[in-house]
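Here's the structure we're looking at; comments come further down.
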């Protein structure tokens with residue numbers, strides 16, 4: 011564990027405040043940061059996307075948060091499916107129950123289920139918010155997960 015568990019109520023409150031700012035019948039999508047390589051078999055230590063962490067408390071790669079206040083499932087979290095083999099080679103990943111305890115989000119699915127769920131959500135909404143770093147010095151030659159998501 012990187013740090014002590016934060017009370018999930020903090021993230022529930024953060025999502026509540028964020029949801030109030032969304033236009034009616036829209037949704038917002040947040041992708042985790044990528045794992046960045048250093049060479050053929052090394053990587054830079056993972057650092058989560060600040061927005062995703064602020065809204066969910068999830069500090070794990072290949073995670074996606076969807077906030078959709080007008081939907082039955084108002085907050086949906088998608089995670090990389092874990093297994094004993096993944097735990098050995100990549101380290102432990104969150105289970106659905108651990109994700110619920112961390113984030114307070116009850117709708118937790120594996121990343122492999124996202125496409126079908128997202129199609130259904132998008133067909134019912136009038137607009138989508140996608141995360142983008144608009145800082146004047148944020149120009150990067152490396153395409154981020156958010157960039158790739160926008161280009162789907």
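Numbering (the numbering used here), first residue to last: 11 to 162.
Where a beta carbon is used, it is the ideal one built from N, C-alpha and C, also for glycine.
Item: Beta strand (DSSP E) segments (min. 3 residues) lying fully within the region 50-119; Value: 74-77, 85-89
Item: Selection from 81, 109, 158 that minimises the alpha carbon distance to residue 91; Value: 109
Item: The region 23-36 in contact with the region 117-124 per 3-pair CB rule at 8 Å; Value: no
Item: Residue 68 beta carbon less than 8 Å from that of residue 104; Value: yes
Item: Any alpha helix (DSSP H) of 4 or more consecutive residues that is wholly inside the region 22-48; Value: none
Item: Endpoints, the beta strand (DSSP E) within which residue 140 is located; Value: 137-140
Item: Spatial distance of residue 45 from residue 79 (CA atoms); Value: 30 Å
Item: First and last residue of the uninterrupted alpha helix (DSSP H) at residue 125; Value: 124-133
Item: Boundaries of the alpha helix (DSSP H) in which residue 157 is found, first to last residue; Value: 155-160
Item: Under the three-state DSSP convention, the category residue 15 falls into; Value: coil
Item: Other residues of its chain near residue 135: CB distance less than 6 Å, five sequence neighbours each side excluded; Value: 35, 36, 37
Item: Pairwise C-alpha distance: residue 43 and residue 140; Value: 14 Å
Item: Outcome for residue 133 when other beta-carbon atoms lying within 10 angstroms are tallied against a minimum of 16; Value: exposed
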